[in-house]
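Numbering (our numbering), first residue to last: 5 to 100. See below for the structure under consideration.
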């Protein structure tokens with residue numbers, strides 16, 4: 005699971021079209037689940053390679069729109085003792 009955000013630099017204050025393109029590119033990755041939030045997108049896959057592929061295709065989508073510089077943030081939570089989903093984590097918090 006990971007939290008990912010992408011920021012085109014030098015393209016003005018409104019970045020919605022870039023973010024939209026990045027999010028649309030994620031739908032093409034088989035085995036990747038994602039949830040868009042106001043500040044970042046949560047990525048979920050049992051395979052770390054899918055998370056890294058999501059970053060790569062997102063950058064490519066933003067480049068295709070003409071961005072000359074892109075900054076992104078990726079925070080990975082890789083739990084190895086048992087599988088967990090985004091939903092599991094939220095449910096666990098609600099039950100406490």
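All C-beta atoms, glycine included, are put in the ideal place defined by N, C-alpha and C. Quantities reported herein were computed from a predicted structural model and do not represent experimental measurements.
So if DSSP puts residue 46 in a beta bridge, which residue, or which two residues, is it bridged to? When DSSP reads this structure, residue 46 sits in a beta bridge with 7, 39.
Delimiting residues of the alpha helix (DSSP H) encompassing residue 18: For residue 18, there is no enclosing alpha helix (DSSP H), as DSSP marks it with neither H nor E.
With three or more C-beta pairs closer than 8 Å as the rule, is the stretch 23-36 touching the stretch 64-71? Yes, the stretch 64-71 is in contact with the stretch 23-36.
Run of the beta strand (DSSP E) containing residue 79, from where it starts to where it stops: 74-80
Counting along the chain, where does the alpha helix (DSSP H) carrying residue 60 start and finish? 52-68
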